[in-house]
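Enquirer: For the sequence shown, the positions run -15 to 353 when this note's numbering is used. Please find one structure pasted underneath; my questions will follow.
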Amino acid sequence: MRAEAIIDLSAIKHNVALLKKSADTNLLAVVKADAYGHGLIPVAQAALSAGAHYLGVALLEEAVALREAGISAPILAWLVQPGSDFSRAIELNIDIAAASLKALSEISAASRAAGKKARVHLEVDTGMTRGGFLSEWNQIDAEHVRDIEVVGIFSHFARADEPDEAQNVMQLQRFTEMATTLESFGFTNIIKHLSNSAATLRNHAAAFDMVRAGIAMYGLSPDIQTLGSSSSLNLRPAMQLRAALYLVKDVPAGTPVGYGATEKTTRDTRLGVVTMGYADGIPRIARAAGVWFNGARAPIIGRVSMDQFVVDLGPDAKAQSGDWVTIFGNGSHGEYTADDWGAAASTINYEIVTRIGPRVPRIYSAHVY
Ligand SMILES: *Cc1c(COP(=O)(O)O)cnc(C)c1O
-15 MRAEAIIDLS AIKHNVALLK KSADTNLLAV VKADAYGHGL IPVAQAALSA GAHYLGVALL
45 EEAVALREAG ISAPILAWLV QPGSDFSRAI ELNIDIAAAS LKALSEISAA SRAAGKKARV
105 HLEVDTGMTR GGFLSEWNQI DAEHVRDIEV VGIFSHFARA DEPDEAQNVM QLQRFTEMAT
165 TLESFGFTNI IKHLSNSAAT LRNHAAAFDM VRAGIAMYGL SPDIQTLGSS SSLNLRPAMQ
225 LRAALYLVKD VPAGTPVGYG ATEKTTRDTR LGVVTMGYAD GIPRIARAAG VWFNGARAPI
285 IGRVSMDQFV VDLGPDAKAQ SGDWVTIFGN GSHGEYTADD WGAAASTINY EIVTRIGPRV
345 PRIYSAHVY
């Protein structure tokens, strides 16, 4: 094998337990996008075994995959656009979100055809200005939801990772008002949910009946600047990314490396060729990152290619072709983290883990160093 993402499911379970405790309410484990790159089914099972009440995904296909794997827990899919196969969602008992009158009328029609009411969470826009009812909200009346089962109402924070921002207070107020409107139609037993990971950790007033935790369940901080690092939050990063050194070679000072010869060695040194590239999710833009080998960091030198990149192991490195390096891990040994790679690529840890490509096998075990 040339590369692998080692997923520690015990870290996921630890994080789920910690988030449940922090929220003091039910937890929806967000497993969209192949569980943020960690593997949909194993993560879903681990989260449920650690006490998650619901699973949440973006797409109906993702929810169907969970059902086909035999998972019977409640599942919510929240990006199910008009024209989708709502009858499949009804058949498989998948909760779906609705954010427009058009979606509601299609879901109602599918429910009448199936002779079974779809389970629907109404998504409302409280200030994020992305998903959710906004201008159409005033038109909703009990008639629009007569043929469906309204299970919940939810919204999403735009700035939960900046806990002191006034927008959080405004969104919370707006959410409460919109939920009250819905309750005035006679739906008294609906699940209200608003919090993402950052709000679960920092905004306890927003916990309501359920929180939706994604990134923190994977052990990563929603924002290390404003909320602190994984370790300061007591979260355990679940993914370690490793790759083999395809080749090790000794070169003199002044040797140009890679496409465009953008960098030259500054000393006589030993280089390692790492068998992952941008096709596997290693960001081509990342410069100030690298790998960890035998107790030391080895920085990237030259451009990242499609399937490989080169690191400067240093003149005294004991590395040989075939040795393994850690691209990122939980940082406890000194290795780079997904946060470091995010910073090096001017992006966020979310993007680093979700873009690890399908060529990289996910292995479920404790981390290897
Ligand atoms: C992705 C997503 C979440 C999870 O956000 P995190 O910041 O990863 O916790 C929660 N709710 C919705 C609607 C989402 O799309």
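A virtual CB, placed ideally from N, CA and C, is assigned to each residue, including glycine.
Tell me whether the beta-carbon of Gly298 lies closer than 8 Å to the beta-carbon of Ala228.
Expert: For the purposes of this step, residue 298 is taken as residue 314 along the sequence shown, with counting starting at 1. For the purposes of this step, residue 228 is taken as residue 244 along the sequence shown, with counting starting at 1. For Gly298 and Ala228, no; Cβs fall outside 8 Å.
Enquirer: Between Arg381 and Ile(-9), which are expected to be in contact by the criterion C-beta below 8 Å, what is the C-beta distance as a whole number of angstroms?
Expert: Any answer about residue 381 is impossible in this case: the structure gives the chain only from -15 up to 353.
Enquirer: Look at the Cβ atom of Leu88, then the Cβ atom of Val64, and state whether they are nearer than 8 Å.
Expert: Here residue 88 refers to the residue found at position 104 when the sequence shown is read from its first residue. Here residue 64 refers to the residue found at position 80 when the sequence shown is read from its first residue. Going by C-beta atoms, Leu88 is not nearer than 8 Å to Val64.
Enquirer: As a quick exercise: from Ile332, Val135, Ala301, pick the residue whose alpha carbon is nearest that of Thr172.
Expert: Taking the sequence shown and counting its residues from 1, one reaches residue 172 at position 188. When each option's Cα is compared against that of Thr172, the closest is Val135.
Enquirer: Rounded to whole angstroms, what is the Cα-Cα separation between Trp308 and Gly326?
Expert: In the sequence shown, the residue the question calls residue 308 occupies position 324. In the sequence shown, the residue the question calls residue 326 occupies position 342. So the alpha carbons of these two residues sit roughly 22 Å apart.
Enquirer: So the candidates are Leu85, Val108, Ile199; which of them puts its Cα closest to the Cα of Leu118?
Expert: Along the sequence shown, one-based indexing puts residue 118 at 134. Among Leu85, Val108, Ile199, the Cα nearest to that of Leu118 is on Val108.
Enquirer: With a Cβ-Cβ cutoff of 8 Å, do Gly116 and Ala83 count as a contact?
Expert: On the sequence shown, position 132 is the one that residue 116 refers to. On the sequence shown, position 99 is the one that residue 83 refers to. Cβ atoms of Gly116 and Ala83: closer than 8 Å.
Enquirer: Anyone know if the C-beta pair for Gly265 and Ile340 falls short of 8 Å?
Expert: In the sequence shown, counting from the first residue as 1, residue 265 sits at position 281. In the sequence shown, counting from the first residue as 1, residue 340 sits at position 356. Going by C-beta atoms, Gly265 is nearer than 8 Å to Ile340.
Enquirer: Below 7 Å CB to CB, which residues in the same chain sit around Ala189 once its five sequence neighbours on both sides are set aside?
Expert: Locating residue 189 in the sequence shown gives position 205, counting from the first residue. Excluding sequence neighbours, Ala189 sits near Leu156.
Enquirer: Can we count Pro206 as close to ligand 3, meaning its CB is less than 7 Å from some heavy atom?
Expert: This structure lacks ligand 3; the ligands present are ligand 1.
Enquirer: In whole angstroms, what separates the C-alpha of Arg251 from that of Met223?
Expert: Working through the sequence shown from its first residue, we reach residue 251 at position 267. Working through the sequence shown from its first residue, we reach residue 223 at position 239. Straight-line Cα distance between these residues: approximately 34 Å.
Enquirer: Between the C-alpha atoms of Ala237 and Pro58, what's the straight-line distance to the nearest angstrom?
Expert: For this step, residue 237 is matched to residue 253 along the sequence shown. For this step, residue 58 is matched to residue 74 along the sequence shown. Between Ala237 and Pro58, the C-alpha separation is close to 60 Å.
Enquirer: Which residues in the same chain as Lys101 place their Cβ atom closer than 7 Å to its Cβ, once the five residues preceding and following it in sequence are excluded?
Expert: By one-based count along the sequence shown, residue 101 stands at place 117. Closer than 7 Å at the Cβ level, and outside the excluded window around Lys101, lie Ser95, Asp131, Ile132, Glu133.
Enquirer: His(-2) to Val241, Cα distance in whole Å?
Expert: In the sequence shown, counting from the first residue as 1, residue -2 sits at position 14. In the sequence shown, counting from the first residue as 1, residue 241 sits at position 257. One C-alpha to the other measures close to 42 Å.
Enquirer: Just to check, is the beta-carbon of Lys101 closer than 7 Å to a non-hydrogen atom of ligand 1?
Expert: Here the question's residue 101 lines up with position 117 in the sequence shown. Result no, Cβ not under 7 Å from ligand 1.
Enquirer: Tell me, please, whether the region 266 to 276 touches the region 25 to 35 by the rule of three or more beta-carbon pairs shorter than 8 Å.
Expert: No, they do not touch.
Enquirer: Please check the pair Ile336 and Ala322, which I expect to be a contact at CB under 8 Å, by giving their CB distance rounded to whole angstroms.
Expert: Taking the first residue of the sequence shown as position 1, residue 336 is located at position 352. Taking the first residue of the sequence shown as position 1, residue 322 is located at position 338. Confirmed, about 5 Å.
Enquirer: Enumerate in chain order the residues of its own chain whose CB-to-CB distance from Arg281 is below 8 Å, with the five nearest sequence positions on each side excluded.
Expert: Residue numbering aside, residue 281 sits at position 297 when the sequence shown is read from its first letter. Only Gly274, Val275, Gly318, Glu319, Tyr320 meet the Cβ criterion.
Enquirer: Is it buried or exposed for Val104, if we count other Cβ within 10 angstroms and need 16 for buried?
Expert: For the purposes of this step, residue 104 is identified with residue 120 of the sequence shown, where counting begins at 1. Looking at its Cβ environment, which holds 16 or more other Cβ atoms inside 10 Å, Val104 is buried.
Enquirer: Considering only DSSP beta bridges, list what Asn(-1) is partnered with.
Expert: Within the sequence shown, the letter at position 15 stands for residue -1. Beta-bridge pairing links Asn(-1) to no other residue.
Enquirer: Are the beta-carbon atoms belonging to Ala47 and Ile74 less than 8 Å from one another?
Expert: For the purposes of this step, residue 47 is taken as the residue at position 63 of the sequence shown. For the purposes of this step, residue 74 is taken as the residue at position 90 of the sequence shown. Contact: no.
Enquirer: Which stretch, first to last residue, makes up the alpha helix (DSSP H) that contains Thr160?
Expert: The residue you call residue 160 lines up with position 176 of the sequence shown. Per DSSP, Thr160 belongs to the alpha helix (DSSP H) from 150 to 167.
Enquirer: Quick one: complete alpha helix (DSSP H) runs, 4+ long, within the region 223 to 252?
Expert: With a minimum length of 4 residues, no continuous alpha helix (DSSP H) run stays inside the region 223 to 252.
Enquirer: Looking only at C-alpha atoms, which of Ser71, Val153, Phe159, Glu146 sits nearest to Leu106?
Expert: Numbered from its first residue, the sequence shown carries residue 106 at position 122. The shortest C-alpha separation from Leu106 is found at Phe159.
Enquirer: Kindly list the residues whose CB is nearer than 8 Å to the CB of Met(-15), restricted to its own chain and excluding five residues on each side of it in sequence; keep chain order.
Expert: Translated into positions along the sequence shown, residue -15 becomes position 1. Result list for Met(-15): Ala228, Pro345, in chain order.
Enquirer: Quick one, which of Gly286, Ala191, Asp125 has its alpha-carbon nearest Glu167's?
Expert: Locating residue 167 in the sequence shown gives position 183, where the first residue counts as 1. Among Gly286, Ala191, Asp125, the Cα nearest to that of Glu167 belongs to Asp125.
Enquirer: If the criterion is Cβ atoms closer than 8 Å, does the pair Arg51 and Leu76 meet it?
Expert: The residue you call residue 51 lines up with position 67 of the sequence shown. The residue you call residue 76 lines up with position 92 of the sequence shown. Cβ atoms of Arg51 and Leu76: closer than 8 Å.
Enquirer: If you reduce the DSSP assignment to three classes, tell me which class Asn314 lands in.
Expert: Numbered from 1 along the sequence shown, position 330 holds the residue referred to as residue 314. Residue state, collapsed to three classes: coil.
Enquirer: Report yes or no: is there a C-beta of chain D within less than 8 Å of the C-beta of Gly238?
Expert: Going by chain labels, chain D is absent from the structure shown, which holds only one protein chain.
Enquirer: Using DSSP's beta-bridge definition, name the partner residues of Ile80.
Expert: Numbered from its first residue, the sequence shown carries residue 80 at position 96. DSSP, once it has assigned bridges, lists Ala61, Val104 as partnering Ile80.
Enquirer: Can you name the start and end residues of the beta strand (DSSP E) that Asp296 belongs to?
Expert: Mapped onto the sequence shown, residue 296 falls at position 312. It spans 293 to 296 - the beta strand (DSSP E) in which Asp296 sits, taken as one unbroken run.
Enquirer: Just to check my reading of the structure: Met194 and Thr9 have Cβ atoms closer than 8 Å, yes? What is that Cβ distance to the nearest angstrom?
Expert: Looking up residue 194 in the sequence shown gives position 210. Looking up residue 9 in the sequence shown gives position 25. Sure, about 6 Å apart at Cβ, within 8 Å.
Enquirer: Tell whether a beta-carbon distance below 8 Å holds between Thr246 and Thr239.
Expert: Position 262 of the sequence shown holds residue 246. Position 255 of the sequence shown holds residue 239. For Thr246 and Thr239, no; Cβs fall outside 8 Å.
Enquirer: Classify Ser139: buried if its beta carbon has 16 or more other beta carbons within 10 angstroms, exposed otherwise.
Expert: As a first step, residue 139 is located in the sequence shown; it is residue number 155 there, counting from the start. Ser139 should be labelled buried.
Enquirer: Quick one: what does DSSP say Ala350 is sitting in, helix, strand or coil?
Expert: By one-based count along the sequence shown, residue 350 stands at place 366. Coil, per DSSP.
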